[in-house]
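The sequence shown runs 1367 to 1456 under the numbering used here. Here's the structure, in structure tokens; my notes come after.
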Amino acid sequence: MAVEKLLLSKWRELPPEKQQEVVDFVEFLHNRTIAHLETEPLTSASSQLGQKLRQIRSKIVMAGEPLLQSWEDVEREVADRRGGVEAGSL
């Protein structure tokens, strides 16, 4: 999160035309990343399961959803989907 704050702080110090250049560049990077994910060969996965997981990840990224970054994120997601019930709390 510190990187986001730093980036936003620096961005706010720029004049409006430079802020737009930053927005355009980020959009360019985003589009290039999505295009790379769409064309990335699935054969780099070592199994059918690996290939399927790569396909699912690509769909999540293209939908603009954030990827889970830690086990805590996974546990939070599971709890949310269970209506807020934590694993092992029953």
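The beta-carbon is built from N, C-alpha and C at its ideal position, and this holds for glycine as well.
CA-CA distance, Asp1390 and Leu1380?
14 Å
Restricting to Cα atoms, I'd like to know which of Ser1375, Ile1400, Glu1387, Ala1445 is closest to Arg1420.
Ile1400
Between Glu1398 and Glu1431, what straight-line distance do the alpha-carbon atoms span, to the nearest angstrom?
Checking the sequence, you will find Arg at residue 1398 rather than Glu. Arg1398 and Glu1431: Cα-Cα distance of roughly 17 Å.
Assuming Leu1433 and Ile1422 make a contact with CB atoms under 8 Å, what is their CB distance in whole Å?
Actually they are not in contact, since the Cβ atoms of Leu1433 and Ile1422 sit about 11 Å apart, beyond 8 Å.
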